[in-house]
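This report concerns only the one structure given below.
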Amino acid sequence: MDRLDAKAIKTYKEIILILDQCIDDYLFVMDLDKDIYFISPHAMKRFNIPSYEFSNSLPAHKKFVYEDDLEMLLSDMNKFVSGKKNFHNLQYRWIGKDGIPIWINCRSKSIKDHDGNVKYIIGCINEIGKRQVADNDSGLLGEMSFKNFIYPINEDITQGFILRIDIDDFKNINENFGVKYGDVVLKQVGNCIKKLLTKNQQLYRIVADEFIVMDVVGSKEDARALYNAIRRSITCYVESINYDIYLTISAGILDFHDYPNKSYNSIMQWTEFALNQSKTNGKNTYTIFKQEDYQEFLRKNKLTKELHKAVNQQFKGFEVYFQPIIDMKTEKIHSMEALLRFECDEFGKISPLEFIPLLEESDLIIPVGRWVLDQALKAVSMFSNIKVQINMSYVQVLKTPALNDILNIIKNEKYMGDMLQGKTYTVDPISKRRLPNNGEEDKFYVEGHHEPIVSRKVFDKAQELRISRNVKRAKTSTESNRVRIRRQYAFSCMLQCYFCGSNLSKRTWHSSSKYSKVIWQCVKSAKKGKRFCPESKAIPEAVIEKAFVESYKILCENNQDILEDLLDKIEVILKDEKIEKEVKQIEGRIKRTKTKRNKLADGYLDGIIPQERLRNYFLQSLSF
Numbered sequence: 009m010d011r012l013d014a015k016a017i018k019t020y021k022e023i024i025l026i027l028d029q030c031i032d033d034y035l036f037v038m039d040l041d042k043d044i045y046f047i048s049p050h051a052m053k054r055f056n057i058p059s060y061e062f063s064n065s066l067p068a069h070k071k072f073v074y075e076d077d078l079e080m081l082l083s084d085m086n087k088f089v090s091g092k093k094n095f096h097n098l099q100y101r102w103i104g105k106d107g108i109p110i111w112i113n114c115r116s117k118s119i120k121d122h123d124g125n126v127k128y129i130i131g132c133i134n135e136i137g138k139r140q141v142a143d144n145d146s147g148l149l150g151e152m153s154f155k156n157f158i159y160p161i162n163e164d165i166t167q168g169f170i171l172r173i174d175i176d177d178f179k180n181i182n183e184n185f186g187v188k189y190g191d192v193v194l195k196q197v198g199n200c201i202k203k204l205l206t207k208n209q210q211l212y213r214i215v216a217d218e219f220i221v222m223d224v225v226g227s228k229e230d231a232r233a234l235y236n237a238i239r240r241s242i243t244c245y246v247e248s249i250n251y252d253i254y255l256t257i258s259a260g261i262l263d264f265h266d267y268p269n270k271s272y273n274s275i276m277q278w279t280e281f282a283l284n285q286s287k288t289n290g291k292n293t294y295t296i297f298k299q300e301d302y303q304e305f306l307r308k309n310k311l312t313k314e315l316h317k318a319v320n321q322q323f324k325g326f327e328v329y330f331q332p333i334i335d336m337k338t339e340k341i342h343s344m345e346a347l348l349r350f351e352c353d354e355f356g357k358i359s360p361l362e363f364i365p366l367l368e369e370s371d372l373i374i375p376v377g378r379w380v381l382d383q384a385l386k387a388v389s390m391f392s393n394i395k396v397q398i399n400m401s402y403v404q405v406l407k408t409p410a411l412n413d414i415l416n417i418i419k420n421e422k423y424m425g426d427m428l429q430g431k432t433y434t435v436d437p438i439s440k441r442r443l444p445n446n447g448e449e450d451k452f453y454v455e456g457h458h459e460p461i462v463s464r465k466v467f468d469k470a471q472e473l474r475i476s477r478n479v480k481r482a483k484t485s486t487e488s489n490r491v492r493i494r495r496q497y498a499f500s501c502m503l504q505c506y507f508c509g510s511n512l513s514k515r516t517w518h519s520s521s522k523y524s525k526v527i528w529q530c531v532k533s534a535k536k537g538k539r540f541c542p543e544s545k546a547i548p549e550a551v552i553e554k555a556f557v558e559s560y561k562i563l564c565e566n567n568q569d570i571l572e573d574l575l576d577k578i579e580v581i582l583k584d585e586k587i588e589k590e591v592k593q594i595e596g597r598i599k600r601t602k603t604k605r606n607k608l609a610d611g612y613l614d615g616i617i618p619q620e621r622l623r624n625y626f627l628q629s630l631s632f
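Numbering (the numbering used here), first residue to last: 9 to 632.
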């Protein structure tokens with residue numbers, strides 16, 4: 009093997025072509041004299057190489073070898089070609105088709121001429137990070153087997169479907185019962201799926217708790233039917249183990265009738281997207297892939313990145329408009345509403361209906377909301393006796409002390425032109441550490457220190473409202489809270505512990521997981537400890553409800569008086585004065601809205617409101 013002629017090398021290339029679809033690794037031969045590099049053709053689908061046969065190998069390698077590893081590769085190859093090394097064995101990175109570096113191991117041997125000079129290099133490249141071709145735990149084929157199946161036929165897939173299945177909240181099973189038990193569950197789920205498959209379907213286990221069913225002839229209707237059958241089979245399995253665990257599955261479906269001839273990467277991306285949609289929609293369901301939904305998803309991701317970029321660049325692209333609200337009686341501006349708008353280079357102007365939900369999902373609404381508040385406060389100084397209305401997101405209210413920030417602004421004397429000096433004091437003159445001054449040092453109040461933003465009258469009115477509301481809150485008795493809590497649930501203060509006589513309270517077990525269960529538990533045992541009522545057991549609410557219904561059925565059997573009394577009480581509740589009052593209030597608001605609308609139309613028809621002016625009002629509203 010140390011001496012090979014050109015004819016032998018040609019034969020070797022032919023063998024590589026024959027074995028191209030038979031092996032996972034990549035065979036190659038390099039002719040140093042002619043500077044020609046030849047590799048297994050299926051490497052073109054994985055790596056960013058120009059062709060399976062190319063010249064000018066050094067410049068070409070610079071394009072697909074990861075730049076940080078290029079110097080290491082050239083150094084080792086120089087030693088190899090010069091005869092300092094007899095065998096090349098190096099781990100480094102090639103660039104994949106998607107631009108992501110992929111770790112490889114390259115092993116090669118040199119072929120020398122009669123003078124002892126290296127003429128050819130022959131070797132093999134394999135991916136270090138490849139997953140197992142088969143999964144030992146479940147006994148199923150693995151992701152690489154699925155990949156190797158798809159690659160040769162991806163241009164001929166015109167029918168069939170992909171069903172990608174995931175076990176919902178499988179992580180909780182591993183955490184609560186152990187990894188070994190989780191492996192058993194995976195195997196059982198695999199068996200539930202496998203026994204339902206036809207001869208045209210093949211099952212693969214891919215990442216963690218995910219499975220893929222490949223069908224070569226079926227339709228999406230067949231995929232739906234298969235998913236429902238698998239779900240029923242898993243339910244039977246859960247029943248057979250007496251509900252020791254509870255399992256549900258979500259799935260994504262890709263129909264090749266709608267999306268034929270797709271590559272392996274597209275299949276994996278699209279099925280993952282459909283599967284994630286099922287998870288988002290509440291789990292224990294399936295989603296059929298739609299290209300328009302996927303494009304919307306990609307747009308949302310890009311737009312979210314643009315929003316992050318804008319916030320990091322001092323809110324570049326954000327603007328606050330102040331839309332006037334006009335009193336139709338006086339025809340004067342009553343107040344201004346602060347409206348947030350956004351524009352970027354890639355998407356242009358974006359509707360608030362689109363970008364505000366993205367701000368809320370990413371929590372970017374918090375810094376953006378503070379910025380809007382700051383812009384509104386600056387604008388207040390420009391408007392005389394005009395209110396500025398600001399819309400706040402629920403995210404700001406729940407996740408930040410936004411209301412406290414607003415309250416502190418209302419209490420701040422700076423807005424009426426005064427200044428209170430000495431609000432803080434220095435603790436350490438070296439570190440300059442400062443603390444709130446709660447009487448430790450003197451304070452100095454300066455009236456008329458600067459130009460006011462709001463009048464003293466408005467400021468005093470705000471303080472009056474704030475103090476009155478605080479008094480009302482203080483008057484709320486503890487007893488009223490107790491009454492409110494006592495009436496919160498149907499069984500509150502109506503269930504007693506059989507062993508100690510204490511009340512039972514409502515609690516939720518595993519509230520953040522799919523194993524969430526509502527139970528009623530002895531208060532003494534829950535608060536003081538199990539030793540104070542050792543015999544008490546938590547009772548599921550479903551059991552209590554069932555017992556109540558059964559008892560009531562027995563009580564009401566052949567007892568017309570009880571039934572009539574129940575119906576009378578229901579009728580009284582439905583006619584409750586409070587409900588009637590709320591209905592009347594809603595009806596009043598509807599009536600007032602209709603009146604305003606009619607006045608606007610009548611004013612225009614009577615010539616009180618000119619057409620041009622009315623048109624300008626509407627155009628101004630639309631422009632914001």
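Where a beta carbon is used, it is the ideal one built from N, C-alpha and C, also for glycine.
Quantities reported herein were computed from a predicted structural model and do not represent experimental measurements.
Using three-state DSSP, classify glutamate 258 as helix, strand or coil. The sequence position of residue 258 within the sequence shown is 250, counting from 1. The sequence given here places serine at residue 258; glutamate does not occur at that position. If DSSP states are grouped into helix, strand and coil, serine 258 belongs with the strands.
Locate the beta strand (DSSP E) running through glycine 377, then write down its first and last residues. For the purposes of this step, residue 377 is taken as residue 369 along the sequence shown, with counting starting at 1. That residue, glycine 377, is in no beta strand (DSSP E); its alpha helix (DSSP H) goes 373-388.
Taking the alpha-carbon positions, what's the serine 227 to tyrosine 267 distance? The residue labelled residue 227 in the question sits at position 219 within the sequence shown. The residue labelled residue 267 in the question sits at position 259 within the sequence shown. Straight-line Cα distance between these residues: approximately 12 Å.
One question on the structure: do leucine 148 and leucine 211 come within less than 8 Å of each other, judged by their Cβ atoms? Residue numbering aside, residue 148 sits at position 140 when the sequence shown is read from its first letter. Residue numbering aside, residue 211 sits at position 203 when the sequence shown is read from its first letter. Result yes, Cβ atoms of leucine 148 and leucine 211 sit closer than 8 Å.
Would a C-beta distance cut-off of 8 Å place serine 521 and asparagine 180 closer than the cut-off? In the sequence shown, residue 521 corresponds to position 513, counting from 1. In the sequence shown, residue 180 corresponds to position 172, counting from 1. In this structure, asparagine 180 lies closer than 8 Å to serine 521 by Cβ.
Own chain partners of serine 48 with C-beta closer than 6 Å, once the 5 adjacent residues on each side are dropped: Counted from its first residue, the sequence shown places residue 48 at position 40. If we look at serine 48 and ignore the five residues flanking it on each side, its Cβ neighbours are Ile24, Asp28, Tyr34 and Leu35.
Which of the three DSSP states is assigned to phenylalanine 169 in this structure? Counting from one through the sequence shown, the residue named residue 169 turns up at place 161. Looking at phenylalanine 169 - three-state DSSP - the assignment turns out to be strand.
What number of angstroms, rounded off, separates the C-alpha of lysine 53 from the C-alpha of lysine 105? Here the question's residue 53 lines up with position 45 in the sequence shown. Here the question's residue 105 lines up with position 97 in the sequence shown. Distance between the alpha carbons of lysine 53 and lysine 105 is about 7 Å.
Hey, tyrosine 433 and glutamate 449 are a contact pair by Cβ (cut 8 Å); roughly how many whole angstroms apart? On the sequence shown, residue 433 is found 425 positions in, with the first residue counted as 1. On the sequence shown, residue 449 is found 441 positions in, with the first residue counted as 1. Right, the Cβ-Cβ distance comes to about 5 Å (below 8 Å), so this counts as a contact.
Under 7 Å Cβ to Cβ from serine 63, same chain only, skipping five residues before and after it: list those, please. Here residue 63 corresponds to residue number 55 of the sequence shown, with the count starting at 1. Only Asp43 and Ile44 meet the Cβ criterion.
CB-CB length for phenylalanine 264 against isoleucine 165, believed under 8 Å: In the sequence shown, residue 264 corresponds to position 256, counting from 1. In the sequence shown, residue 165 corresponds to position 157, counting from 1. That belief holds up - the Cβ atoms of phenylalanine 264 and isoleucine 165 are roughly 5 Å apart, short of 8 Å.
By a C-beta neighbour count over all protein chains shown, 10 Å radius and 16 as the cutoff for buried, is tryptophan 517 buried or exposed? Stepping through the sequence shown from its first residue, residue 517 is reached at position 509. Tryptophan 517 is exposed by the Cβ-count criterion.
Quick one: is methionine 336 buried, meaning 16 or more other Cβ sit within 10 Å of its Cβ, or exposed? Working through the sequence shown from its first residue, we reach residue 336 at position 328. Classification for methionine 336: exposed.
Helix, strand or coil for glycine 91? Go by DSSP, reduced to three states. Position 83 of the sequence shown, counted from the first residue, corresponds to residue 91. Reduced to three states, the DSSP call for glycine 91 is coil.
Integer Cβ distance of isoleucine 103 from phenylalanine 55, believed to fall under 8 Å: Translated into positions along the sequence shown, residue 103 becomes position 95. Translated into positions along the sequence shown, residue 55 becomes position 47. Yes, they are in contact, since the Cβ atoms of isoleucine 103 and phenylalanine 55 sit about 7 Å apart, within 8 Å.
Beta-bridge pairing of leucine 428 - partner residues as DSSP gives them: Position 420 of the sequence shown, counted from the first residue, corresponds to residue 428. Partner(s): Tyr453.
Other residues of its chain near isoleucine 334: CB distance less than 8 Å, five sequence neighbours each side excluded: Taking the sequence shown and counting its residues from 1, the one referred to as residue 334 is at position 326. Result list for isoleucine 334: Lys340, Ile341, His342 and Tyr625, in chain order.
Quick check on DSSP: helix, strand or coil for serine 8? Residue 8 lies beyond the residue range present for the chain, which begins at 9 and ends at 632; the question has no answer from this structure.
So if DSSP puts glutamate 346 in a beta bridge, which residue, or which two residues, is it bridged to? Mapped onto the sequence shown, residue 346 falls at position 338. In the sequence under discussion, the amino acid at residue 346 is alanine, which differs from the glutamate named in the question. Alanine 346 is bridged by DSSP to Phe330 and Ile398.
What does DSSP give as the partner residue(s) for methionine 38 in the beta ladder? Against the sequence shown, residue 38 aligns to sequence position 30. According to DSSP, methionine 38 bridges with Tyr45 and Ile129.
Does the pairing of the segment 192-203 with the segment 286-297 give three or more beta-carbon distances under 8 Å? no
Identify every residue that forms a DSSP beta bridge with valine 466. Locating residue 466 in the sequence shown gives position 458, counting from the first residue. According to DSSP, valine 466 bridges with nothing at all.
Beta-carbon proximity check, leucine 98 vs aspartate 84, cutoff 8 Å: Mapped onto the sequence shown, residue 98 falls at position 90. Mapped onto the sequence shown, residue 84 falls at position 76. Cβ distance < 8 Å, so leucine 98 and aspartate 84 count as in contact.
May I ask you to list the residues that DSSP assigns as paired with phenylalanine 560? Residue numbering aside, residue 560 sits at position 552 when the sequence shown is read from its first letter. One point to set straight first is that residue 560 is tyrosine, not phenylalanine, in the sequence displayed. In DSSP, tyrosine 560 forms no bridge with anything.
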